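Peer 1: Once you've had a glance at the structure underneath, I'll fire off some questions.
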Amino acid sequence: MTDFTPNEMMTIAASRALTSKDVCFVGIGAPSAACNVARLTHAPDITLIYESGTIGTAPDVLPLSIGDGELCETAVSTVAVPEMFRYWLQGGRISIGFLGAAQIDKFGNINTTVIGDYHKPKVRLPGGGGAPEIATSCGEIYITLKQAQRSMVEKIDFFTSFGHGEGGDHRQRLGITTKGPALLITDLAIWKPDPVTREFTVVSLHPGVTRDMVQETCGWTVKFADNLEETPAPTELEITTLRDLQERTRRAHEGGKAA
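If you use the working numbering, the sequence shown corresponds to residues 7 to 265, in order.
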């Protein structure tokens with residue numbers, strides 16, 4: 007078996023959730039890595055969309071931001087941001103939104119705004135950008151996150167992006183018709199919302215991970231599925247594709263050649 011890091015397992019597990027049929031709104035960072043590994047392996051026809059208006063982009067290296075020229079240069083088309091949000095996103099044309107988070111609670115509500123009190127924050131974060139609209143308008147939401155008690159909390163400090171709210175049918179009661187957070191992939195496990203309560207439940211542990219390891223890095227009492235599985239380890243193709251992509255990215259952003 008190929009050696010791999012927890013972050014590599016997270017990225018590859020996330021990439022496996024995508025198919026060639028998906029139209030995916032991609033967040034920068036771990037979501038971008040996962041989506042492009044999928045595109046370069048088992049989902050070559052996936053349509054990747056970034057917030058800056060690039061549609062069908064196929065970057066050779068991972069973008070530093072949504073404004074990275076690599077996205078526009080490799081896109082099938084680039085549209086104005088208002089068109090991206092009004093026609094594509096709010097028009098219901100995007101099946102999956104792939105987001106990261108600074109804080110998340112057990113119902114998939116996301117904070118990327120502030121840590122601490124809003125008016126006197128301990129840390130001021132980048133903010134929501136388009137994530138609040140993505141969270142409510144994409145068909146469903148996938149989230150990637152490195153587990154830690156400071157990021158997986160009982161109560162988030164600020165509601166940036168609405169997940170399942172207070173759980174149950176909260177989305178429906180607010181008139182939100184999309185599914186919301188359907189998958190949470192961390193560096194330790196794969197989580198899915200309970201069909202009734204909508205609380206994230208661990209359905210698969212990554213190789214070598216124990217229940218105690220998951221609980222120790224989570225700020226709420228974790229629920230585990232009755233038929234708990236083990237995530238398949240990365241294949242040689244998956245790990246090589248990810249590492250090659252990261253190496254091209256490192257060289258490009260350090261001023262070297264991407265090839």
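Glycine included, each C-beta is placed from N, C-alpha and C at the ideal position. Here the structure is a predicted model, which means the values were calculated and not measured.
Return the chain-ordered list of same chain residues with a C-beta closer than 8 Å to the C-beta of G75, the five sequence neighbours on each side being excluded.
Peer 2: Your numbering for residue 75 matches position 69 in the sequence shown. Hits under 8 Å: none found.
Peer 1: Which two residues bound the contiguous alpha helix (DSSP H) that contains G98?
Peer 2: Position 92 of the sequence shown, counted from the first residue, corresponds to residue 98. Premise fails: G98 is in no alpha helix (DSSP H) and is neither H nor E.
Peer 1: Using the beta-carbon count (16 or more within 10 Å), is H125 buried or exposed?
Peer 2: Sequence index remark: in the sequence shown, residue 125 carries index 119 (1-based). By the neighbour-count rule (16 or more Cβ atoms within 10 Å), H125 is not buried but exposed.
Peer 1: Could you tell me which whole beta strand (DSSP E) segments of length 3 or greater appear in the region 113-141?
Peer 2: You should have 120-122 and 127-130.
Peer 1: Can you name, in chain order, every residue of its own chain whose Cβ lies under 8 Å from the Cβ of P50, other than the five neighbours on each side?
Peer 2: As a first step, residue 50 must be located in the sequence shown, where it is residue number 44. Cβ within range, chain order: S26.
Peer 1: Return the first residue and the last residue of the alpha helix (DSSP H) that C224 is part of.
Peer 2: As a working mapping, residue 224 is identified with position 218 in the sequence shown. Segment: none, C224 is in no alpha helix (DSSP H) and carries neither H nor E.
Peer 1: Thinking C-alpha only, which one of E14, V67 and H48 is nearest R254?
Peer 2: Looking up residue 254 in the sequence shown gives position 248. Checking every option, the nearest Cα to that of R254 belongs to V67.
Peer 1: With a CB to CB cut of under 6 Å and the five nearest residues on each side skipped, what residues in its chain are close to Y93?
Peer 2: As a working mapping, residue 93 is identified with position 87 in the sequence shown. Answer for Y93: no residue qualifies.
Peer 1: Per DSSP, Q109 is paired with what?
Peer 2: Within the sequence shown, numbered from 1, the residue matching residue 109 stands at position 103. For Q109, which the question treats as bridged, DSSP gives the partners N117.
Peer 1: Closest by CA to I34, which one among T53, S58, R22 and T47?
Peer 2: As a working mapping, residue 34 is identified with position 28 in the sequence shown. That would be S58, whose Cα lies nearest to the Cα of I34.
Peer 1: How many Å lie between V43 and G173 at the Cα?
Peer 2: By 1-based counting over the sequence shown, the position of residue 43 is 37. By 1-based counting over the sequence shown, the position of residue 173 is 167. Those two C-alpha atoms are separated by around 32 Å.
Peer 1: Tell me C30's beta-bridge partners as DSSP assigns them.
Peer 2: The residue you call residue 30 lines up with position 24 of the sequence shown. DSSP, once it has assigned bridges, lists L54 and I102 as partnering C30.
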